[in-house]
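Residue numbers (the numbering used here), protein chains in the order written: chain A, 194 to 485; chain B, 29 to 263; chain C, 7 to 317. Using N, Cα and C, we set each Cβ at its ideal position, and we do this for glycine too. Notes to accompany the following structure.
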Amino acid sequence: MDFGPYLLLALMEGTVMAAVLALTAVGLSLVFGVMRVVNVAHGEFLMLGAVLAWFVTHYVPGPPVVGFAVALVVCPLIVGGIAALSDTLILKRLNYDPEATIVATIGLSYIFQQAALSFYGPDARPVEAPFNLRIQFPWFGYSGYKIAVVLAAIVILLAIWLLMTRTRAGLIMRATQLDRDTARAFGINVDRVYAAVFALGAGLAAIAAVLIVPIQQAHYLMGHDPLLLSFIVVIIGGLGSLRGTLLAAVVIGLSDGVISVFFSPTLAKILATLLVAMVLVFRPQGLFGAKP
Amino acid sequence: MAAIILSARGLTKHYDGLKAVENVDFDLKAGQIHALIGPNGAGKTTFVSLLSGRIPPSAGTITFDGEDITQLPAHTRVARGIAYTFQITSIYANLPVFDNVALAIQRKGTKHLHSDTMAALARVGLETRADQIAGTLAYGHQRLLEIAMGLSMNPKLLILDEPTQGLANAEIEAFNALVRAVTPQTTVLLIEHNMDVVMDLADQITVLNFGETLSSGTPAEIRADPAVQTAYLGG
Amino acid sequence: MTRALALHIAVLAALFAAQYLLPPYHHTNIARIMVLAVFAMGYNIAFGYTGLLSLGHALFFAAGLYTTGLGIELWGLSAAPALALGLIAGGAIAAATGVLALRTGGVSFMIVTLMFAQAGYLTILYFGQYTRGDEGFVITRAARSIGPIDLSADTPRYLTALALFSVALLINLALTKSRLGRAMIGMRENEERSRMLGYNPFRIKLIALVISGLYAGAAGAAYSVLFGYVGASFAAIQYSILPLLYVLLGGAGTTLGPFLGALLMFYLIDISSGYTTAHLFVVGAALLVLVLFAPKGILGWVRDKGAKWLP
């Protein structure tokens with residue numbers, strides 16, 4: 194293949210990557226933004242979503258598209274429920290102390306990994322795509338499903354944006370983010386908002402997981418890389434800023450896709466993690482953060 | 029005429045357009061007790077925070093002991109002899125009383141840390157409570173501990189931010205005696221709301237209002253100043 | 007001799023006696039626990055005493071482990087200088103990390119240390135042709151000796167681990183009684199107050215982190231020679247969490263807490279593996295229980311219950 198088409202292919206792979214990453218990272222960013230919680234178990238929520246998607250598609254009869262549709266609804270709900278429970282039972286009792294919550298979410302991530310290992314096993318298993326469509330370009334054919342993933346991600350992110358800016362629920366979340374004590378004084382049930390936001394963040398990771406399993410298999414350790422990449426995206430985008438997170442997801446996703454095609458993916462990751470560390474040290478508001 | 033130990037020129041601090049301290053010129057004579065008064069929000073704490081280096085100024089210069097210290101970080105200024113006691117009591121609440129004062133003394137370097145620390149505690153009458161956890165002291169004793177930490181550094185300049193707040197009358201008497209005893213070796217800059225303490229102790233008074241110097245002079249001059257009376261004393 | 011010193015010497019004596027009293031099965035275990043406890047002690051100096059919650063200490067452990075391991079295998083050094091280099095590497099990497107990471111604080115500090123450690127881990131994988139990546143490499147038995155003493159044999163290995171542990175523990179004890187130790191605790195308790203007493207927070211924290219890194223480096227270096235295996239899993243995030251877990255369990259800011267935590271956690275997993283293979287669950291549940299119900303750990307609790315002299 195010539196360089197031009199090769200680059201196009203890399204860019205398309207990068208776009209798929211960016212779309213899924215944006216979903217995952219927006220979930221992490223939402224949780225950090227509203228609750229000021231660094232959720233180390235976020236990658237495990239994604240993993241749980243993927244593993245659950247395998248169970249759902251495996252046991253729901255009928256054509257793949259039915260099982261997939263069920264998984265797309267059920268998995269985020271279950272994962273969101275687990276997250277809400279974790280918040281109420283654990284994080285709330287720690288008063289959201291930053292250091293204690295990080296230790297607690299590390300503990301949670303081990304427990305989730307063990308749960309997946311015990312009930313699902315150590316193997317990586319594929320989930321069949323809901324449809325098989327190959328779009329033929331002049332130089333290569335491309336999976337129609339991957340393009341559908343990008344479109345789905347855009348629709349969901351738009352929905353999140355509408356939720357945050359145009360609805361009462363979004364208003365309540367933003368009010369809580371600004372000042373939780375004042376929000377409480379105005380009669381907002383902050384505990385419920387926190388549980389809901391934690392569930393929403395985890396649910397977004399689960400949706401990303403369901404979308405990605407037909408491309409990448411479900412495995413009990415698969416949460417590690419998405420967690421790291423989401424961290425990178427959220428930090429470079431500016432902690433807690435949704436717009437910055439989205440922008441960073443696109444940049445990181447695309448460049449990771451392109452760099453991984455042309456160079457060693459390990460080197461790309463080394464550079465990305467070092468970049469994140471340097472951003473936090475020298476530009477804590479993020480590369481795209483507005484305020485100095 | 030005593031030497032000037034600290035002077036500020038054009039000292040200014042703005043927060044997002046809010047003028048907390050505006051273009052203040054200020055001189056502190058060595059060995060004196062200088063009181064800083066003014067209504068709430070006049071910028072007194074901001075002003076001494078600029079002097080001690082806790083916050084950087086927007087403009088202006090500070091000279092201490094003949095050297096420009098405007099760019100020095102707070103801990104270096106402390107090492108040069110500017111001690112600061114907090115308005116809101118800031119002690120090591122989880123550590124014993126002894127360690128609180130030992131931390132203040134050991135930094136200067138001493139061969140007799142234990143006896144020096146006990147002596148510093150005895151100065152404020154806390155020597156019998158050396159092993160008690162500082163956070164469990166009564167409020168008045170916590171204030172005294174805070175002052176002991178400041179005094180025990182043997183500073184050239186001691187900045188006391190509302191030291192008598194919450195103290196009982198008997199404790200205030202003892203405090204006054206304590207402060208008088210450290211002068212003239214130590215210069216004292218005192219933010220104080222209690223006018224009796226100010227009139228009792230101060231050699232010089234500066235009145236701040238809306239971040240600017242309203243008036244400066246001896247207690248008698250300040251009492252007689254009509255501008256001060258309108259803005260503050262008689263209101 | 008104070009009560010504290012007597013207690014520490016008693017612990018060391020008990021460990022010396024353990025090799026004659028316990029069946030051989032435990033000798034390797036306890037040697038390993040002592041080396042890991044040195045790592046955790048280093049972690050405790052940063053976290054327990056100075057209040058620096060790092061999520062990247064695997065980097066310092068791995069610096070010691072790989073410097074010594076590669077020193078022997080690639081550059082043909084003998085064990086003694088390789089060990090010394092490993093110790094220095096731990097301190098040097100901690101210094102480099104600290105100079106950058108200590109410009110931040112709190113959550114940012116945790117993430118920056120996490121990212122540096124991750125970059126270190128990936129670097130080990132990237133240079134797989136030398137480090138053999140995840141698979142790791144074994145250090146030749148012949149190279150694992152100092153002079154005539156074969157450190158891969160049971161008794162010398164146990165005694166070497168005990169010697170390292172003793173030195174580390176006694177230095178730790180001396181540190182807590184020293185002015186530097188008090189300044190470190192002051193930084194943990196009230197940084198702003200310390201600053202206004204004339205302490206440079208950056209300097210105190212950097213010193214604490216370098217000491218911490220020297221401990222971790224020494225532990226890593228000893229691990230490679232005593233147990234003869236060097237692999238990338240020692241640089242992974244799990245090995246940053248492990249000392250945190252030990253310290254939380256035993257008691258943060260206590261000299262014996264890291265050892266007690268390592269000992270209990272090691273045998274908790276060892277015994278539980280007789281009933282279940284769910285190691286990850288044991289670790290995860292332990293973290294949750296500690297942070298929810300016993301944030302001060304075992305010795306922290308004992309200290310609160312009256313043993314105020316416990317260092």
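Asked                                                                                                                          : Found
Which listed residue (Val76/B, Ile83/B, Ala148/B, Arg151/B) has its alpha carbon closest to that of Gln115/B                   : Val76/B
Cβ separation of Tyr112/B and Ala162/B, assumed to be a contact under 8 Å, to the nearest whole Å                              : Wrong, their Cβ atoms sit about 18 Å apart, outside the cutoff.
One or two residues paired with Ser336/A in a DSSP bridge                                                                      : Arg327/A
Residues, ordered as in the chain, of the stretch 244-255 of chain C that lie near chain B by beta-carbon distance below 9 Å   : none
Helix, strand or coil at Gly38/B [DSSP, three-state]                                                                           : strand
Cβ neighbour criterion (16 or more within 10 Å) applied to Lys484/A                                                            : Bear in mind that a pLDDT of 44 at Lys484/A, under 50, signals an unreliable position, so the model cannot answer this.
Straight-line gap, Phe287/C to Ala24/C (C-alpha atoms, nearest Å)                                                              : 30 Å
Burial state of Leu172/B, where buried means 16 or more other Cβ atoms lie within 10 Å                                         : buried
When Val231/C, Thr137/C, Trp307/C are compared against Leu255/C, the one with the closest alpha-carbon                         : Trp307/C
Three or more C-beta pairs below 8 Å linking the stretch 405-423 of chain A and the stretch 278-297 of chain A                 : no
Boundaries (first-last residue) of the alpha helix (DSSP H) holding Ser453/A                                                   : 435-455
Strand pairing of Ser151/C, partner residues [DSSP]                                                                            : Asp156/C
Separation of Ala150/B from Thr211/B, as counted between CA atoms                                                              : 18 Å
Proximity test, Cβ basis, 8 Å: Pro485/A and chain C                                                                            : Any reading at Pro485/A must be qualified, since the residue scores a pLDDT of 36, below 50, and its modelled position is unreliable; the value itself is stated next. Chain C, which has no Cβ nearer than 8 Å to the Cβ of Pro485/A, makes this no.
Bounding residues of the alpha helix (DSSP H) (the contiguous stretch that carries Ser118/B)                                   : First-last for Ser118/B: undefined, no H or E at that position.
Beta-carbon contacts of Leu326/A that lie in its chain and below 6 Å, excluding the five residues immediately before and after : Gly337
Inter-stretch contact at 8 Å, needing at least 3 Cβ pairs: the stretch 243-254 of chain C / the stretch 94-106 of chain C      : no
Ala411/A versus Phe22/C - alpha carbon distance                                                                                : 49 Å
Beta bridge counterpart(s) of Gln265/B as assigned by DSSP                                                                     : Residue 265/B lies beyond the range of chain B shown here (29 to 263); nothing can be said about it.
Reduced DSSP secondary structure (H/G/I, E/B, other) of Val152/B                                                               : coil
Boundaries (first-last residue) of the alpha helix (DSSP H) holding Thr129/C                                                   : 112-132
Residue-level contact to chain A via CB, Ala107/C, 8 Å cutoff                                                                  : yes
As assigned by DSSP and simplified to three states, the class of Ile219/B                                                      : strand
Length of the line joining the Cα atoms of Val426/A and Thr438/A                                                               : 6 Å
Endpoints, the beta strand (DSSP E) within which Val474/A is located                                                           : First-last for Val474/A: 458-475, but that is the alpha helix (DSSP H), not the beta strand (DSSP E).
Any chain B beta carbon closer than 8 Å to Tyr205/C                                                                            : yes
Where the alpha helix (DSSP H) through Lys184/B begins and ends                                                                : Here Lys184/B belongs to no alpha helix (DSSP H), and DSSP marks it neither H nor E.
Cβ-based burial, Lys311/C [other Cβ within 10 Å; buried from 16]                                                               : exposed
Chain-order list of residues whose beta-carbon lies under 7 Å from that of Ser264/B (same chain, five-residue window excluded) : A query on residue 264/B cannot be resolved here, the shown segment of chain B reaching from 29 to 263 and no further.
Chain B within 8 Å of Arg188/C, Cβ atoms only                                                                                  : yes
Distance between Ala225/C and Phe45/C (C-alpha atoms, nearest Å)                                                               : 5 Å
Local conformation of Ala313/C per DSSP, three classes                                                                         : coil
Inter-residue Cα distance where the pair is Leu165/C and His33/C                                                               : 10 Å
Asp273/B in three-state terms, based on DSSP                                                                                   : This structure cannot settle anything about residue 273/B, because the visible part of chain B is limited to 29 through 263.
Which of helix, strand or coil DSSP assigns to Arg318/A                                                                        : strand
Sheet register partners of Val49/B (DSSP bridge)                                                                               : Lys41/B
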